[in-house]
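Following: one structure in structure tokens, then a few remarks.
There are 2 protein chains.
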Amino acid sequence: MEINCAHCELKSPAAGKLTPQETEKLSNNCLTVTFKKGDSIIKQGTYSTNVVYLRRGHVKIHIEGPYRVQVVRIVKSPSYLGLPTTFGDKVNHYSVSAIGECDVCFIDITTFRTLLTTNSDFSNQILIELCKGELELYNKCVNRTQKQIRGKLADMLIDFTDNIFKAESFNLNITQEDIGNLVDASRESVSRVLTEFAKDGIIEIKSKRITIRDRQMLNNISKNG
Amino acid sequence: MEINCAHCELKSPAAGKLTPQETEKLSNNCLTVTFKKGDSIIKQGTYSTNVVYLRRGHVKIHIEGPYRVQVVRIVKSPSYLGLPTTFGDKVNHYSVSAIGECDVCFIDITTFRTLLTTNSDFSNQILIELCKGELELYNKCVNRTQKQIRGKLADMLIDFTDNIFKAESFNLNITQEDIGNLVDASRESVSRVLTEFAKDGIIEIKSKRITIRDRQMLNNISKNG
DNA sequence: TAGTAAATGTGATTCAAATCACAATAATAG
DNA sequence: CTATTATTGTGATTTGAATCACATTTACTA
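Quick mapping for you: the protein sequence lines, in order, are chains X and W.
Those letters in the first sequence? Residues 9 to 233, per the working numbering, in order.
Those letters in the second sequence? Residues 9 to 233, per the working numbering, in order.
This is the structure we're talking about:
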């Protein structure tokens with residue numbers, strides 16, 4: 009796909025800090041690819057050869073754990089993917105897969121590094137994005153280990169409406185098994201709690217589409233268990 | 009305490025990239041303080057006003073979770089503390105406390121930011137350290153949620169010998185309650201498993217001093233249970 | 001150094017959630 | 001459009017670990 013970064017309306021905040029010349033350089037060393045649902049974008053254990061930027065769509069980040077896959081989080085565009093790997097290690101520590109159709113830019117790593125050294129606004133913005141991601145991870149981690157299933161699922165639903173989809177109603181493109189791996193619960197438990205929520209009128213489930221009906225109640229469950 | 013960064017033999021890898029003039033600037037805007045066991049270095053919820061660098065000693069990073077404290081990790085010097093907060097948010101997302109005597113440098117945040125923009129080797133090194141920290145966090149998080157107690161404690165002991173203390177025998181300056189909050193287990197369970205390990209000759213416990221006796225066995229437990 | 005508080009050890013009991021076992025749907029490929 | 005596979009729903013059973021309840025030891029502090 010031919011995309012010119014200069015006219016790209018889905019630029020990252022960091023890329024917005026670049027000068028026209030730098031943007032031109034980025035554009036010449038960047039390749040945009042469209043992925044379909046389920047496609048693997050980054051594969052754990054392989055070498056990280058490009059900086060990956062999610063331009064449009066949603067992906068899941070997952071790690072091969074000791075006993076099962078762990079879905080670390082769902083990420084929506086715009087967002088860089090795997091930056092920690094790009095700079096922290098040569099080998100990818102986790103996999104990224106599309107959960108719907110999405111556009112991804114692969115940026116030449118040398119070009120990216122050059123931009124980091126020549127434009128401090130750019131590098132500062134990257135630093136900020138990294139830090140925010142890490143802080144989010146801290147919170148996710150704590151919630152995951154301390155709350156019980158109902159609370160964790162409520163958290164997930166809130167995160168989906170507020171942050172990921174920014175809508176009361178959204179199409180859950182992942183299976184209940186994925187949800188289980190995301191909130192650290194078994195597939196069966198997810199099913200049970202989700203139907204329980206539906207019975208209580210907290211959510212409405214129409215095949216894969218979920219609608220939040222009682223946000224207040226969700227907040228309560230998130231807080232109290 | 010008067011410390012001149014130029015002659016500091018406990019400099020961070022990043023600070024090693026600075027020019028003499030820049031190091032001089034750092035030195036003039038840096039204050040070193042010694043903390044005693046249990047002292048609070050960073051407090052969750054307060055404003056982050058300085059870049060904090062752990063020059064000597066060990067600290068624990070902990071977060072006030074929904075039901076109890078979560079000890080996120082034990083950090084040894086040299087290491088920056090709370091960098092993600094410094095750049096990702098104004099308010100500290102977690103607390104840091106000394107688990108033994110330690111020296112900590114408080115660096116003026118404006119000076120630090122200037123160094124980041126003027127020296128790209130420095131900022132690159134900071135970026136690398138941040139990324140490594142995040143990758144470590146990913147792994148910790150997965151292990152914590154998937155393994156059972158024996159495995160998690162084995163992991164912890166291995167981490168302590170290999171990375172934190174770099175010795176077969178070390179003085180555990182934290183309580184079993186802390187350990188529980190670190191590996192996500194109750195205080196009682198930690199006690200039970202630790203005494204079990206001692207009975208099986210895997211470790212030796214002399215009050216707070218732990219000695220690894222059967223490393224192979226620890227590896228097994230870490231892997232299989 | 002005595003006296004109090006903090007930390008640890010250990011059994012009995014309870015509980016949330018995993019696992020097992022299948023039935024019932026939905027999705028997808030040929 | 002049918003066959004096959006993937007996904008979801010739900011009860012019964014098991015289980016790892018939390019919680020409760022104390023005894024015991026260790027560490028501080030006055």
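Note that beta-carbon positions come from the ideal geometry of N, C-alpha and C, so glycine has one too.
What's the call for Gln29 (chain X), buried or exposed, on a 16-neighbour Cβ count within 10 Å?
For the purposes of this step, residue 29 (chain X) is identified with residue 21 of the first sequence, where counting begins at 1. By the neighbour-count rule (16 or more Cβ atoms within 10 Å), Gln29 (chain X) is not buried but exposed.
Residues that Gln133 (chain X) contacts on chain W, provided the C-beta gap is smaller than 9 Å
As a position in the first sequence, residue 133 (chain X) is number 125, starting the count at 1. Per Cβ cutoff of 9 Å: no residues; Gln133 (chain X) is ~10 Å from chain W at best.
Could you give the distance in angstroms between the alpha-carbon of Cys139 (chain W) and the alpha-carbon of Arg64 (chain W)?
Looking up residue 139 (chain W) in the second sequence gives position 131. Looking up residue 64 (chain W) in the second sequence gives position 56. Between Cys139 (chain W) and Arg64 (chain W), the C-alpha separation is close to 22 Å.
Please say whether Arg152 (chain W) and Val191 (chain W) have beta carbons closer to each other than 8 Å?
Within the second sequence, numbered from 1, the residue matching residue 191 (chain W) stands at position 183. Within the second sequence, numbered from 1, the residue matching residue 152 (chain W) stands at position 144. Yes, the pair counts as a contact, with Cβ atoms nearer than the cut-off.
Using beta-carbon positions only, say whether Leu49 (chain X) and Tyr102 (chain X) come within less than 8 Å of one another.
The residue labelled residue 49 (chain X) in the question sits at position 41 within the first sequence. The residue labelled residue 102 (chain X) in the question sits at position 94 within the first sequence. Here the sequence assigns Ile to residue 49 (chain X), which means Leu is not the residue at that position. Contact flag unset, no.
At a Cβ cut of 8 Å, what residues of the region 66 to 100 of chain W count as close to chain X, listed as they run along the chain?
Ile71, Gly73, Pro74, Tyr75, Arg76, Gln78, Val80, Leu91, Pro92, Thr93, Thr94, Phe95, Gly96 and Asp97
Can you tell me which residues form a DSSP beta bridge with Glu30 (chain X)?
Position 22 of the first sequence, counted from the first residue, corresponds to residue 30 (chain X). Beta-bridge pairing links Glu30 (chain X) to no other residue.
Starting from Asn58 (chain X), trace the beta strand (DSSP E) both ways and give me its first and last residue.
By 1-based counting over the first sequence, the position of residue 58 (chain X) is 50. Segment Asn58 to Arg64, the beta strand (DSSP E) holding Asn58 (chain X).
Run down chain W in chain order and give the residues with a C-beta less than 8 Å from the C-beta of Arg152 (chain X).
As a first step, residue 152 (chain X) is located in the first sequence; it is residue number 144 there, counting from the start. Going along chain W in sequence order, the residues near Arg152 (chain X) (Cβ under 8 Å) are Cys149 and Thr153.
From X:Asn189, X:Leu165 and X:Lys174, pick the residue whose C-alpha is nearest to that of Asn228 (chain X); which is it?
Here residue 228 (chain X) refers to the residue found at position 220 when the first sequence is read from its first residue. Of the candidates X:Asn189, X:Leu165 and X:Lys174, the one whose C-alpha sits nearest the C-alpha of Asn228 (chain X) is X:Leu165.
Reduced DSSP category for Ile210 (chain W) - H, G, I as helix; E, B as strand; rest coil
One-based indexing of the second sequence puts residue 210 (chain W) at position 202. If DSSP states are grouped into helix, strand and coil, Ile210 (chain W) belongs with coil.
Is Ile136 (chain W) close to chain X? Criterion is C-beta to C-beta, closer than 8 Å.
On the second sequence, residue 136 (chain W) is found 128 positions in, with the first residue counted as 1. Judged by the 8 Å Cβ criterion, Ile136 (chain W) is in contact with chain X.
Is the beta carbon of Gln78 (chain X) sitting closer than 8 Å to the one on Val150 (chain W)?
To locate residue 78 (chain X), count along the first sequence from 1; it is residue 70. To locate residue 150 (chain W), count along the second sequence from 1; it is residue 142. For Gln78 (chain X) and Val150 (chain W), yes; Cβs fall inside 8 Å.
Name, please, each residue of chain W whose Cβ falls closer than 7 Å to the Cβ of Lys160 (chain X).
In the first sequence, the residue the question calls residue 160 (chain X) occupies position 152. The premise fails here: Lys160 (chain X) is roughly 11 Å from chain W at the closest Cβ pair, so nothing lies under 7 Å.
What separation, rounded to the nearest whole angstrom, lies between the Cα atoms of Leu18 (chain W) and Pro86 (chain W)?
The residue labelled residue 18 (chain W) in the question sits at position 10 within the second sequence. The residue labelled residue 86 (chain W) in the question sits at position 78 within the second sequence. Cα to Cα, the separation comes out at about 7 Å.
Could you spell out where the alpha helix (DSSP H) holding Asn151 (chain X) opens and where it closes?
Taking the first sequence and counting its residues from 1, the one referred to as residue 151 (chain X) is at position 143. Residues Ser128 to Gln154.
Check whether the region 210 to 229 of chain X and the region 171 to 187 of chain X are in contact - that is, three or more C-beta pairs closer than 8 Å.
yes
Per-residue burial, Ala106 (chain X) [other beta carbons within 10 Å of its own, 16 or more giving buried]:
Residue numbering aside, residue 106 (chain X) sits at position 98 when the first sequence is read from its first letter. Ala106 (chain X) is buried by the Cβ-count criterion.
How long is the line joining the alpha carbons of Cys113 (chain W) and Thr183 (chain W), rounded to whole angstroms?
Walking along the second sequence from the start, residue 113 (chain W) turns up at place 105. Walking along the second sequence from the start, residue 183 (chain W) turns up at place 175. If I take the Cα positions, the gap works out to 26 Å.
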